[in-house]
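Trainee: When you number the sequence shown by the UniProt record's numbering, it's gap-free, plus one each residue, and the end is 113.
Glycine is no exception: its CB is placed at the ideal position from the N, C-alpha and C atoms.
Since the model is a prediction, treat every value here as computed from it, not as a measurement.
One structure, as C-alpha cells, below. Some questions next.
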Amino acid sequence: MFKGLGDMDLSKMMEAAQQMQGKMAEMQEGLNRLTVTGEAGAGLVKATATAKGELTALDIDPSIFKAEDKEVVEDLILAAIKDAQRRAQDKAAEEMARLTRELGLPADMKMPF
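Given below as C-alpha cells:
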C-alpha cells in the first residue's frame, strides 16, 4: 500500500482519480466558456474577453468617432480591452480557487492555460 493512503483500496483510489479527472475536465470547459466584458469612457467602448485574455467582441459607441479625437478613441479602445482581459483573468482565478477548494486540490495549483 502507498504511504499516506491509509486503508483506501486500489479500486476506490481509481474511482476517486476518475471523479477528479472528470471535475477537472468540467472546470476546463467552464473556463474555456467564461467571458467577461470590460469598458472605458463611461461605457462608450466595451470589450469582451475570454479567460485566456482573447478578445471576442468590441462594441464602440459611434458618437465618439471624431477626426480630432483619434488618439482618444484609440486609448479608450485599448483601455476597454485591457479592462476586459483583467476582469476575465480575475474571474478565472476566482473560479479556479473555488474549484480547487471544492476538489481538495493544492491552493497553489496553476491555471490549466
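So who's on the other strand from D59, going by DSSP bridges?
Mentor: K46
Trainee: Once DSSP output is grouped into helix, strand and coil, what is the label at E26?
Mentor: helix
Trainee: Could you say which of R87, M24, E94 and A93 lies nearest to V36 if we only look at CA atoms?
Mentor: Of R87, M24, E94 and A93, the residue nearest in Cα terms is R87.
Trainee: For a test of the three-state rule: what should DSSP assign to E39, helix, strand or coil?
Mentor: strand
Trainee: Verify whether the separation of the beta carbon atoms of V73 and I64 is less than 8 Å.
Mentor: yes
Trainee: With DSSP run on the structure shown, which of helix, strand or coil describes F113?
Mentor: A caution first: F113 carries a pLDDT of 48, below 50, which makes its placement in the model too unreliable to give a value.
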